[in-house]
Amino acid sequence: MNDLDDLYREIILDHYKNPRNQGILEGPAVHAEEGFNPLCGDEVKIYVKIEGDIVTDIKITGQGCSISRSSASLMSQAIKGCSIEEVKALVSRFKRMIAVEEVQGEPEPVDLREFGELAALQGVVKFPVRIKCATLPWNTLMLALDGAQAG
Numbered sequence: 001m002n003d004l005d006d007l008y009r010e011i012i013l014d015h016y017k018n019p020r021n022q023g024i025l026e027g028p029a030v031h032a033e034e035g036f037n038p039l040c041g042d043e044v045k046i047y048v049k050i051e052g053d054i055v056t057d058i059k060i061t062g063q064g065c066s067i068s069r070s071s072a073s074l075m076s077q078a079i080k081g082c083s084i085e086e087v088k089a090l091v092s093r094f095k096r097m098i099a100v101e102e103v104q105g106e107p108e109p110v111d112l113r114e115f116g117e118l119a120a121l122q123g124v125v126k127f128p129v130r131i132k133c134a135t136l137p138w139n140t141l142m143l144a145l146d147g148a149q150a151g
């Protein structure tokens, strides 16, 4: 175990024990409630406030394992203030980081420095069954954003 692994473990535990942006958004917000992983019982509901093209607030409710909850918390911090296109690009880069999204042609190397604290979740690639836990909030976020653009 090295110092970086210890730091990443601390980040994940901190976000699990003290999740950021918990609750329900009142007023006009898009939301998705379909986030459920039947394999481990993780559930997530995401509420997003969008003004113009910018995510101005996000709240999350649900229950789940440490990976799922910390991923949701980290994601919520990462997307506030981002445009919808920036959020979609981050979702794509995040999925590539944890080896979910296939890239056509030559795989692009992932620079973990660009992810900040989100890089703590890169370790789930060692545990394929946990990848679904890490991506559940991100997939649920995309459902909410797709609903916002369709509406």
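UniProt numbering puts the first residue of the sequence shown at 1, with every later residue one more than the last.
Ideal placement from N, C-alpha and C gives every residue a C-beta, glycine not left out.
Note that the coordinates shown come from a computational prediction; the quantities given were computed from them, not determined experimentally.
Exercise. Look at the alpha carbon of ARG9 and the alpha carbon of SER66, and state the distance between them as a whole number of angstroms.
Key: Rounded to whole angstroms, ARG9 to SER66 spans 10 Å at the Cα level.
Quiz prompt | Neighbourhood of SER71 by C-beta distance below 6 Å, restricted to the same chain and skipping five residues each side | solution = LEU121, ALA134, PRO137
Practice problem: With distances taken Cα to Cα, identify the nearest neighbour of PHE127 among MET75, ARG113, ILE98. | Solution: ILE98
Quiz item: How would you call LEU112, buried or exposed, if buried means at least 16 neighbouring beta carbons within 10 angstroms?
Solution: Taking every protein chain shown into account, the CB of LEU112 has fewer than 16 other CB atoms within 10 angstroms, so this residue is exposed.
Practice problem: Please list, in chain order, all residues of the same chain as LEU118 whose beta carbon is under 7 Å from its beta carbon, the five residues on each side excluded. | Solution: Closer than 7 Å at the Cβ level, and outside the excluded window around LEU118, lie LEU74, ALA78, PHE94.
Exercise. Please classify VAL30: does DSSP put it in a helix, a strand, or coil?
Key: strand
Practice problem: Check whether the Cβ atoms of ILE46 and ILE60 lie closer than 8 Å to each other. | Solution: yes
Practice problem: Taking GLN77 as part of the alpha helix (DSSP H), name the residues at either end of that continuous run. | Solution: 66-79
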